[in-house]
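What follows is one structure encoded as structure tokens, with my remarks underneath.
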Amino acid sequence: MLSDHVFAAGWTVLQDRFGRAFTTQTTKIYREILSAELTDTAFQTACRAAFRFETYFPSPQKLIDLATGKDFEALALAEWDTCLIRARSGEMATLPNTSARIVMNSATNGTPLGSVAADRLDWIKREFIKRYAAQLATEAQQRTPAVLPSITNKELTHVSAN
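Sequential numbering from 121 applies to the sequence shown in our numbering.
So, in structure tokens, the structure goes:
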């Protein structure tokens, strides 16, 4: 869990480095997103990397990527490698009730990975990585707190009538 004092220290350094000052609301959103994904140590790693390598103030996801050293595509590739190792050892390539299983079934048209012809593996690998990276991004978006209050259709109708 990301502590208040570590976030405040890192946030101050990042704002100073990039010459930016953020509203309380934007700071709160960054804090909520980063707290859900990073520990104190990981956030410190991200701040050091952003300070050194980034040209512009990093997005929350960029800070998470800098902390873990991986983006969604790298995570998808790692999952593919794990699936291939499992399939080659005679196990099920994916674990039950996971996003990886749903994506793998889609990429292989339901054929178990261990039964896929070798000449199709490169295509399936590309398809799996593309789809799984997109799935990871979607899951990350779903874990992201709302940044604006929701507006109902009734409120929109009232606003447009003026």
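C-beta: ideal position from N, C-alpha, C; glycine also.
Assigned exposure category for residue i - 16 Cβ within 10 Å defines buried
{"i": "A207", "result": "buried"}
{"i": "W200", "result": "buried"}
{"i": "F173", "result": "exposed"}
{"i": "M121", "result": "exposed"}
{"i": "P216", "result": "exposed"}
{"i": "A170", "result": "buried"}
{"i": "Y150", "result": "buried"}
{"i": "G130", "result": "buried"}
{"i": "A166", "result": "buried"}
Identity of the residue in the options nearest residue i by Cα
{"i": "A196", "options": "A237, I244, F177, G234", "result": "I244"}
{"i": "I249", "options": "L122, T202, Q262, A162", "result": "T202"}
{"i": "L233", "options": "A213, K190, V223, R221", "result": "A213"}
{"i": "D124", "options": "A141, R263, A156", "result": "A156"}
{"i": "L204", "options": "L186, D185, A237", "result": "A237"}
{"i": "D242", "options": "Q255, A254, T228", "result": "T228"}
{"i": "A187", "options": "R151, T159, S209, E211", "result": "T159"}
{"i": "P178", "options": "A198, Y252, R263, F142", "result": "F142"}
{"i": "Q255", "options": "T161, R221, A162", "result": "R221"}
{"i": "A253", "options": "E247, S226, F192", "result": "F192"}
{"i": "S95", "options": "V133, Q145, S235", "result": "Residue 95 lies beyond the stretch modelled for the chain, which goes from 121 to 282, so this question has no answer here."}
{"i": "K148", "options": "Q262, F127, A194, E247", "result": "F127"}
{"i": "Q145", "options": "F138, I153, R251", "result": "I153"}
{"i": "T175", "options": "F163, L134, K190, Q164", "result": "L134"}
{"i": "A257", "options": "D239, R240, I184, D136", "result": "I184"}
Min CB distance residue i to chain B below 8 Å
{"i": "D191", "result": "The chain inventory of the structure shown lacks chain B, comprising one protein chain alone."}
task = Could you name each continuous alpha helix (DSSP H) segment of 4 residues or more that falls completely within the stretch 136-191, going from the start of the chain to the end?
result = For the stretch 136-191, the full-length alpha helix (DSSP H) segments reaching 4 residues or more read 144-157, 160-173, 180-188 along the chain.
inquiry  = Suppose only complete runs of 4+ residues qualify. What are the alpha helix (DSSP H) ranges in the stretch 212-262, listed by chain order?
reply    = The stretch 212-262 contains, as complete alpha helix (DSSP H) runs of 4+ residues, the segments 219-227 (chain order).
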